[in-house]
Amino acid sequence: MQEDFRLILDLVTVLGAAAVGGLLAALLRQPILLGYLIAGIVVGPTGLGLIKELVQVETLAQFGVAFLLFALGVEFSFSELNKVKGISLGGGGLQISLTILITSLVSLGMGWVTSPAQGVFLGAILSLSSTAVVLKCLMERNETATPHGQVLLGILVVQDLALGLMLAVLPALDKPIEDIGLAVSWALIQTGLFALGAIAAGIWVIPRLLRIIARTESRELFLLCVVSLALAIALLTEHLGLSIEMGAFVAGLMISEVEYSDQTLTYVEPLRDIFASLFFAAIGMLIDPMFLWNNLELILGLVTLVFIGKFLIVTPLVRLFGYPLKTALIAGLGLAQIGEFSFVLASEGQALGLVSRRVYLLILGTTAVTLVITPFVLRLIPQLFAWAESVPWLKSLLEGSDLPLEVSENAALEQHVVVCGYGRVGHNIVRLLRDHNYPVLVIDQSERRVQELRDAGIPYIYANAAS
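Residues 1 to 467 (full-length UniProt numbering) make up the sequence shown, in order.
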């Protein structure tokens, strides 16, 4: 009974702190995500110590990332996934492979690690970016359906799929090459079998099941069944040695092709947001401010190295797949952090003796700082592009071609009025036309103005109107 009360007290404390932190961040016009992270630091073991045992809170926090990935799967249908399959599979796979290879060579050359296994392990940690943080930032800015949003999410999905493979290979890293090959083969077989089962269930089972439930016209029953389905599939992938995130995303994809996908998303969103705040607060609890302060110069150096290194790997890769320079730059900046699931890899690596306690804490500190910085970086992107567009040679470099950089989802109009530019005059014209119920389509090449159009739900084309 005492343990049950402790759990309830911890939950109330964390959610209350997250609410206060999020509110303060919103009032200060900062990313709400930052408020959640700071709230976790404050109430965690290294802060005020209001939360002393993290196990139960971390377990519940896993629901947050599961619901985030599930909702992403519901929104990110197979047709949309197919649009970015090249950059997802090819680019994502190359990004992971190059990061591991370069990190291994550099760390061995600089004497940071003592064996190739440690270099590969360090590279695997650095290769992962934060699906939860990037997705949350994209959702706050209504950018999940934009070209750079789809590129970011496509690569992140592949990283989440690779996490299960990494966890399977980790115990065999310091063993003979045959053991590593066996671990990889077994993980791939499990992934393939799960994929076949998921496709079959998505075609023949899920649609019929949801139609039967929908006929009851009970909202609570529909929500209960959908949540049970998502968590059951997530737990199945965990049992298979893959990852909860992969299972949750696949569960969402299975529902995305059914006519009840919008209804599902509407019901799940409140749960997603509540547990997501718990998840980010739990990450904040892992951050030790004193360790960060005592190793500040080293950690800031590592953060700089990580950001520059990952940016220089991702940006050329996205360009290689034919995307505009702007999209490639945003993808490079968006994936420059280390993901929260690197905590899982680092913990496993420490248990297996691949890293020392000090290196483990440095990994946690560096990861935590990159996660905190990422919302600021993504928020600064419109201002960076606005400044670049004021410099003639940078503007011509960014524009590159006359092809549109982005077309909004609601841009398919008929008998509409095209407004070229969304400056002061264009803004007034659009307002007058919409007041008189004329459909409008705005063409503008300013990232800041396009963001205003996204937020207002106005159809737009992100391009040079003069071309």
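Every residue gets a Cβ at the ideal spot worked out from N, C-alpha and C, and that includes glycine.
Nearest neighbour of residue i, chosen from the options [CA to CA]
i           : options                       : result
Thr131      : Ile338, Trp387, Lys52         : Ile338
Ala168      : Pro176, Asp160, Ile180        : Ile180
Ile283      : Arg6, Phe5, Ala18, Leu7       : Ala18
Gln95       : Arg141, Leu433, Gln159        : Gln159
Ser277      : Leu7, Ile8, Phe5, Leu15       : Leu15
Val318      : Leu153, Phe63, Val57          : Leu153
Val151      : Gly202, Gly64, Thr315         : Thr315
Ala234      : Pro176, Asp273, Leu161        : Leu161
Ile189      : Leu209, Ile213, Gly241        : Gly241
Glu53       : Ala66, Leu11, Gly35           : Leu11
Phe311      : Gln30, Val417, Ser127, Ala248 : Ser127
Gly73       : Pro45, Leu221, Arg431, Gly247 : Gly247
Tyr360      : Ala346, Arg215, His239        : Ala346
residue 469 : Met254, Met110, Thr144, Ser97 : One cannot answer for residue 469 here, as it falls past the ends of the chain, which runs 1 to 467.
Val226      : Ala66, Trp387, Leu23          : Ala66
Glu140      : Asp273, Asp435, Ala388        : Asp273
Ile255      : Ala386, Arg211, Ile206        : Ile206
Pro289      : Leu229, Val42, Pro382         : Val42
Pro382      : Glu452, Leu271, Val268, Gly21 : Glu452
Glu75       : Leu384, Pro116, Thr144, Gly22 : Thr144
Thr103      : Gly93, Thr114, Val120, Gly92  : Val120
Cys420      : Glu58, Tyr462, Ser261         : Tyr462
Val113      : Ser356, Gly252, Ala336        : Ser356
Where residue i falls, given that 16 or more other Cβ within 10 Å makes a residue buried
i           : result
Ala61       : buried
Phe343      : buried
Ile308      : exposed
Tyr460      : buried
Ser88       : buried
Val425      : exposed
Pro324      : buried
residue 478 : Residue 478 is absent from the model: the chain starts at 1 and stops at 467.
Ala195      : exposed
Ile32       : buried
Met1        : Residue placement at Met1 is poorly supported in this model, since its pLDDT is 47, which falls under 50; the coordinates still yield a value, given next. Label assigned to Met1: exposed.
Pro375      : buried
Thr304      : exposed
Arg449      : buried
Tyr36       : buried
Gly47       : buried
Tyr438      : exposed
Ala200      : exposed
Extent of the continuous alpha helix (DSSP H) run through residue i
i      : result
Leu89  : Taken as a continuous stretch (DSSP letters only), Leu89 belongs to no alpha helix (DSSP H), as it is neither H nor E.
Leu152 : 147-169
Ile363 : 357-389
Ile213 : 206-215
Val42  : 32-43
Glu143 : No alpha helix (DSSP H) holds Glu143; DSSP gives it neither H nor E.
Leu229 : 219-239
Ser256 : 244-256
Gly426 : 424-435
Integer-rounded CB distance, given that residue j should sit under 8 angstroms from residue i
i      : j      : result
His148 : Ala26  : Going by Cβ atoms, the distance from His148 to Ala26 rounds to 24 angstroms, so no, they are not a contact pair.
Leu68  : Leu135 : 6 angstroms
Leu371 : Glu340 : 7 angstroms
Gly164 : Ser243 : 4 angstroms
Gln118 : Leu354 : 6 angstroms
Ala456 : Leu265 : With a Cβ gap of about 21 angstroms, Ala456 and Leu265 do not count as contacting.
Gly334 : Leu378 : 6 angstroms
Thr13  : Ile51  : 6 angstroms
Leu258 : Leu223 : For the record, residue 258 in the displayed sequence is Val; it is not Leu. Actually they are not in contact, since the Cβ atoms of Val258 and Leu223 sit about 15 angstroms apart, beyond 8 angstroms.
Gly90  : Phe321 : 7 angstroms
Val440 : His416 : 6 angstroms
Thr367 : Ile299 : Rounded, the Cβ-Cβ distance is 10 angstroms, inconsistent with contact.
Gly64  : Phe279 : 3 angstroms
Residue i: first and last residue of the uninterrupted beta strand (DSSP E) it sits in
i      : result
Ile461 : 460-462
Ile443 : 440-444
Val418 : 417-420
Check: residue i C-beta below 7 angstroms from any heavy atom of the ligand SAM
i      : result
Ala214 : The ligand content of the structure shown is nil, which means the ligand SAM is not present either.
Next item on the list: Let me know the alpha helix (DSSP H) ranges lying completely inside the region 275-355, each 4 residues or longer, listed in chain order.
Entry: 289-294, 296-320, 325-334, 342-351
Check: Which runs of the alpha helix (DSSP H) fall wholly inside the region 45-123 and span at least 4 residues, in chain order?
Finding: 55-75, 78-83, 92-109
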